[in-house]
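Comments concern the structure below.
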Amino acid sequence: MSNISEIGISSLLANQYALTVISQNIANANTPYYSRRVAEFAENAFNHGVSIADVRRVVDETANKNVQTAQSGFSQADLYLQQLLGLETSVDDRTTSIGSKITDSLSALERLNTDVTSMQNRGLYLSALNAISSRFQSLHGELDQEVQNSNLSLGNDMGQINNLLSSIANVNNQLVGMNQNTAELLDKRQGLVNELAKYLNFTAMVDNQGMMSINLSNGMALVSGRQALQMKTLQDPQNPSSLLIGLQSSSTTIPITQFISGGELSALITYRDNVVAPAQRALDRLSLAMADAFNKQNKLGIDSSGNLGGNIINDINNANLVNNRVLSHSANTGSGGFTVNITDPNLLTTSDYKLSIGASNAYVLTRISDNKVMSSGTIPGSGSLPFVINSADGFSVSINSGTFNAGDQYVVSPTRGGANNFGLMSTDPSKLALGWPVTASIGTQKQGSTGKVNVTSITDTTTSAFSVPKQLTPPITIHFLSATSYEIINATTSTVMSGPYVYNSATGANVFPAGAYDPGYRVFLSGTIQADDTFNIAYNTSSGDNSNGLAMAKIYQKGMIENGTFTMNQGYDALANDISIEANKAQSSYDVANALKTQADMYRDQISGVSLPEETMSLSQYQQSYQASAQILQIAKSILETIMSMARG
Amino acid sequence: MRIPTFGQYQQEASLISKEFDRLSSLLHQAETGKKILKSSDDPVLANQVKSKKTFIDTLQSYFENGVVAQSRSTTVNTSLQNAISISSQIQTLIKKAESGTLNDTDRAGIAKELEGHLANLVNIANTKDSNGGFIFSGSNSTSPAYVQVNDMFQYQGSMDSLMINIAPNVSAMFSDSGYNIFSNIYQGNGVFTVNAGSGNTGTASTTPGSVNTSTYVPDTYTMTFVTNSAGKLAYQIVGATSGQVVPPPPATVPADALEYVAGSDVTFQGITFNVNGGPQVGDTFQVKPSTKENVFNSLQNMITLLKKPVGNSGSFNQAITQADASFTQILNHLTTYQSESGTQAAAINAQINTNTSILTNQTVTLSNLENADITAVYSALSQQSLVLQATQAGYLKMQEVLTQILQMQF
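Sequence order for the protein chains is A and B. Going letter by letter, the first sequence gives residues 1 to 649 in the working numbering. Going letter by letter, the second sequence gives residues 1001 to 1410 in the working numbering.
Written out as structure tokens, the structure reads:
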């Protein structure tokens, strides 16, 4: 008799409890990381009804691991893509790109060439150059900002990660010794693990005590049992403006950057080191090549006042730059004083170089991009300094002073500071050197001669020919001895400098270099010339000569980067295109990572997620069982009442 | 398969957002007409588009210069045309002045007219462009081409010409050296000049003469009238370096000098001219290789000659005949130069046409590269909006089914 009541009561309680579990499931249908619970009924022995043996948390470790891995991959791809798309917008916009500023300046130069005496035209060209300069500097600033933002985000992420790590250790601690109601804690821990996976990749393992350890890919533990280590940012010993990731152990901080290949941390570092830094170096290189080309050409001409031109853009080997192209490793025990000079911007690469010091002052200069050894040898004693290491990549390192110890390391960054340095030397438009310093003309010409003389190029204005300002030293007369031979005469002293040289009217003749004499300009003779015809070469005093302006326009079509592969315009396009290609790849990676994450989430949700239709059906099922159990009690009560009334009767 | 509600909604939502992304990118295509919105959509195509655009922009910057060069060559041509017309008027006046019926006053009147023409010619040579640059000063465009110093006109411009680029690696003459146009002209018949000696007393004068280039020996020759051994008025010719040429050695002078016959040709060393009038013994003529003189000085000399009263008619005739010949040279030179500059103008026009057609072709290529096929885009657009509607309908249907389950009575 009491058995029926007992069965009824136990069934009522069990079903009520099951209803609670279902309600909890329904209530948490939208709670992230909630794993649905299932009430497990078990029959009580000896017809004592039923009880809830266990409330099982439905989980699959593999599914959870997949979610965690997919989360790392997705966060990495997502952040990387967003950063690249942002960067692409700032380099790729046609109206603000350096490429369009370059084309604008060419237009201004071509217009200027039609009237180089106009100060207004000159000013317009200078402002076009200035527009290139400001864009160089602003883009460089934007890239710098990207580096800083990445570093800042790394720092912020460290705080989040450390919170998560200690929370996981905390949950581990709470779980020990608890036998029941662990579901909530386990879900919480799974949530923490998934949050952590957003920042980095790791392996999570649960030991037989139920404690979860979090390990890096190399096995280094971040959380082990109740202990959580702290991660922090480290200054890159080789580059003070760059942050690395370190793990704080008892006394030291161990660098762990290389073990992180997933999550936001990896995205931030990859973006900073593999996208922004190369873009900066490419931008620096482009600006160096352009500055050098403009300066070299301007130096070959004469300005409005007839003086030889100087630099129009800041010198690419100015003291500020050459002294700052070497970064010293913070652990170095020696101290080297270096200057790095760019010898040919056309040969520069976008890589940095490592200068390693070995035993007995041995050195090796290695290109970082492909580990190619550029130069090796021994640094001489301080008495023989400076010592110059020439590299085939368009720069030379001069070791000026200092002591060197084995293990010292330096990073040589030849392009460093280039874009910021691309500024106008002077805003004085008259300093644009658009004429050539030399002019050639017909002196005396006999009846019937058709001889012509042209200055074809200026190659060097540092020769003795240009040693006196506004003069040619010496001015030269080319005197024809016969129709087929000529000599070169110093027009000041009327003495023969060299000759006779053979002249062929069919092919013409390049006059210089004449023997060993190279005055730094080239003159071409052509046509039929007779004995005693003369040609004069003198300093140019024409105000409107645009010969050097025309030569300057040719720079725009000249390959000046990557050993002549790219013109300045193409150089910029290549830089922007590299970023677009990377963004395009990142988009594909994102699509894949997104698909993997969706799949992993769905798989996990299929197992652990709450299905409202299912729960609704279970709800009615338990409701019915609950009502039936109540009916059992009702019956037990009425049986009891029947017996009681029988006893009374 | 057990599909949980939460995941179900997420999946549906992400499907909708994916379909919406597609729709919005198609909408962008339809709005902008471009295939790609950012370079990373298709880096290879984007790079092609960029280099095409750079090429077109570069060519366009030359285009402007082409137009400038074209307008300059028109100005030059007009100036030359004016100079030629003035020069031919001058020649007419010279021919008039040669007429023996004129008196000193008539000639002074002609000189007055010539002075007006001279001023006009100098103005033409010193033509300025809209920027104030002198177009015939070569690269020395801030100086006037010709200025008068001590009654003589001197060229101030540069000897070289100013070029500008009208296409990559194609340059056009922008400002030629005025020297080539106005100064590079030989006097007389273009090969030699014949001048009367300053002390001539007779009335003889010569024609400008002609040359046989294959036998011509350039030298300064002096023709002197003498009395020969036969007692006749005769002439002998001696070259400064050639020595005695008429009569040729071993004949001796003055004994063997050739008898003078008025109106007959004198020929030696490739030179031929006709002598007319009555020379006196002791009169001389000098034959010299032509030197260059600019148009303005030639004209100035002529004016000076016409202003002075005629002394010796022979010397006057000689001078004016030579001036006439010089102006024939000037006219020839200017006409030749005009046709050369016409050729250059044609070359500039041709280059502009080439630039235009390259520009057109490249623009078409560019538009093929970067422009979306609008019909295809619109058709895809309507398809896509249909897909999106279907996805949304699916989402709603799912909600409906769920609601039905929840309302079911068990």
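Yeah, the Cβ is synthetic: ideal placement off N, Cα and C, and Gly gets one too.
What residues are listed by DSSP as bridge partners for residue i?
| i | result |
| --- | --- |
| residue 487/A | 479/A |
| residue 54/A | 40/A |
| residue 534/A | 479/A |
| residue 424/A | 313/A |
| residue 1034/B | 1371/B |
Between the Cα of residue i and those of the options, spot the shortest distance and give me the residue it belongs to.
| i | options | result |
| --- | --- | --- |
| residue 452/A | 443/A, 386/A, 496/A, 196/A | 443/A |
| residue 37/A | 56/A, 28/A, 47/A | 56/A |
| residue 173/A | 225/A, 293/A, 101/A | 225/A |
| residue 358/A | 409/A, 565/A, 251/A, 458/A | 409/A |
| residue 82/A | 573/A, 583/A, 641/A | 583/A |
| residue 1295/B | 1148/B, 1078/B, 1130/B | 1148/B |
| residue 175/A | 248/A, 568/A, 478/A, 209/A | 209/A |
| residue 556/A | 1390/B, 1058/B, 1006/B | 1058/B |
| residue 1321/B | 1311/B, 1302/B, 1228/B, 1067/B | 1302/B |
| residue 399/A | 211/A, 294/A, 577/A, 323/A | 323/A |
| residue 1235/B | 1241/B, 1204/B, 1242/B | 1204/B |
| residue 125/A | 573/A, 553/A, 621/A | 553/A |
| residue 1363/B | 1160/B, 1048/B, 1031/B, 1053/B | 1053/B |
| residue 1042/B | 586/A, 567/A, 593/A, 613/A | 586/A |
| residue 135/A | 106/A, 463/A, 99/A, 160/A | 99/A |
Excluding five sequence neighbours on each side, which residues of the same chain lie with their C-beta closer than 6 Å to the C-beta of residue i?
| i | result |
| --- | --- |
| residue 1195/B | 1286 |
| residue 1337/B | 1181 |
| residue 66/A | 600 |
| residue 260/A | 200, 266 |
In whole angstroms, what separates the C-alpha of residue i from that of residue j?
| i | j | result |
| --- | --- | --- |
| residue 145/A | residue 157/A | 18 Å |
| residue 1257/B | residue 1246/B | 7 Å |
| residue 530/A | residue 486/A | 10 Å |
| residue 1329/B | residue 1178/B | 17 Å |
| residue 311/A | residue 290/A | 12 Å |
| residue 64/A | residue 192/A | 12 Å |
| residue 648/A | residue 639/A | 14 Å |
| residue 1198/B | residue 1248/B | 26 Å |
| residue 1410/B | residue 247/A | With a pLDDT of 49 at residue 1410/B, under the threshold of 50, the modelled position of that residue is not reliable, and the figure given next carries that caveat. When rounded, the distance between both Cα atoms is 58 Å. |
| residue 611/A | residue 605/A | 9 Å |
| residue 1290/B | residue 539/A | 30 Å |
| residue 112/A | residue 433/A | 12 Å |
| residue 430/A | residue 317/A | 24 Å |
| residue 119/A | residue 457/A | 25 Å |
| residue 257/A | residue 292/A | 38 Å |
| residue 1260/B | residue 1314/B | 16 Å |
| residue 1216/B | residue 467/A | 47 Å |
| residue 387/A | residue 96/A | 44 Å |
| residue 1170/B | residue 448/A | 30 Å |
| residue 285/A | residue 571/A | 9 Å |
| residue 129/A | residue 1078/B | 37 Å |
| residue 403/A | residue 336/A | 6 Å |
| residue 495/A | residue 1159/B | 25 Å |
| residue 1034/B | residue 93/A | 14 Å |
| residue 1230/B | residue 1253/B | 12 Å |
| residue 219/A | residue 633/A | 60 Å |
| residue 230/A | residue 254/A | 11 Å |
Looking only at its own chain, which residues have a Cβ that is under 8 Å from the Cβ of residue i, when we skip the five neighbours before and after it?
| i | result |
| --- | --- |
| residue 1272/B | 1209, 1210, 1211, 1212, 1265, 1266 |
| residue 1084/B | 1331, 1334, 1335, 1338 |
Please look up how many angstroms separate the CB atoms of residue i and residue j, rounded, as I've assumed it's under 8 Å.
| i | j | result |
| --- | --- | --- |
| residue 411/A | residue 239/A | 7 Å |
| residue 1288/B | residue 1220/B | 5 Å |
| residue 297/A | residue 197/A | About 56 Å; that fails the 8 Å criterion. |
| residue 352/A | residue 374/A | Not confirmed; about 12 Å, so no contact. |
| residue 1369/B | residue 1045/B | 7 Å |
| residue 49/A | residue 11/A | 5 Å |
What residues in its chain sit with their C-beta under 7 Å from that of residue i, if we drop five residues either side in the sequence?
| i | result |
| --- | --- |
| residue 588/A | none |
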